[in-house]
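Accompanying notes for the structure given below.
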Amino acid sequence: APQGEVLLRVKGLSKSFKGVLALSGVDVEVRRGEILGLLGPNGSGKSTFINVVSGHYTPTSGHIEFEGRSLNGLPAHRIAGSGIARTYQIPRPFAHLSVLQNVAIATMFGGAVRDPLDAQRQAMRWLEFTGLEAKRDARPEDLNLHQRKFLELARALASRPRLVLLDEVLCGLTPGEIDDAVALIRRIREQGSTIVFVEHVMRAVMALTDRIVVFNHGELLAEGAARDVMQRPEVMSAYLGK
Ligand code: ADP
Ligand code: MG
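Next comes the structure, spelled out in structure tokens:
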């Protein structure tokens, strides 16, 4: 596992929804350059973690630091502008825009690109990176699931994030599509992003992650190398719902 500097430091993070404690005092550190897998049974708080770190939800308590700076209290668009991008478990493209326009708009989110023509050129690069260049003029609704997921990735990458939060991007894909997506996620890391990756597809978790953390009932249950952690009795029982 990478021994580099801590990119994201989350301490004592809690989030409750009207009495439901979705996250309860979670501590997680993510090092620059690593792929961290975030696992746990349904309802264990994985999406909530991503929603809080990306500023879509306000934490009930706890601290979030990115590149040494506090993210507490920053709205989602400021967090996106400071170098963190995320995907949604259910893709959310702009339905009335073309595939290319969807990515072009995303290049302008981080504030790095201002000129619309430049945005289109960069968007084309991200469509090539994700293999969607032939779909540039299609509408998101005309894409299949695999293409919609890759569009979601292209949009996340377009803001040139240092940290990418991926929420179940492989869910529903065929085995061949999963192989493509695993290769793509490797290339995302190679081009310089650190990745936190919520995933149930174990083959992909084993192939990609340097380290995993497992949540259960909103708490951090275990962390370490995937092959070790997944064999621990407490982790197996959590998955069996005991
Ligand atoms: P996971 O992604 O691990 O399946 P979630 O983070 O989506 O789990 O959910 C954790 C818990 O928080 C669940 O009990 C869920 O019902 C609850 N929860 C998540 N989001 C909301 C919300 N917006 N309003 C109310 N409860 C929520
Ligand atoms: Mg989820």
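Each number in this note's numbering corresponds to the 1-based position in the sequence shown with 111 added.
Note that the Cβ used here is the ideal one computed from N, Cα and C, for glycine as well.
By a beta-carbon distance limit of 8 angstroms, residue 191 contacts residue 220. Their separation comes to about 6 angstroms. Taking C-alpha positions only, residue 280 is separated from residue 310 by approximately 8 angstroms.
Sequence-distant partners of residue 199 (beyond 5 residues in either direction) whose C-beta falls short of 8 angstroms from its own C-beta, in its chain, are 263, 278.
For residue 165, no beta strand (DSSP E) run applies, since DSSP gives it neither H nor E.
Contact between residue 349 and residue 151 holds: CB atoms are separated by about 7 angstroms, below the 8 angstroms threshold. Only residues of its own chain outside the window of five on either side were considered, and among them 135 have a CB closer than 6 angstroms to the CB of residue 330, listed in chain order. Comparing alpha carbon positions, the residue from 183, 328, 179 closest to residue 173 is 183. When DSSP states are grouped into helix, strand and coil, residue 206 belongs to the coil group.
The three-state reading of DSSP puts residue 339 in helix, counting H, G and I together. Under the criterion of beta carbons closer than 8 angstroms, residue 157 and residue 326 qualify as touching, at roughly 6 angstroms. Any heavy atom of ligand 1 counts here; residues with a Cβ closer than 6 angstroms to one of them, in chain order, are 128, 131, 133, 151, 153, 154, 155, 156, 157, 158, 159.
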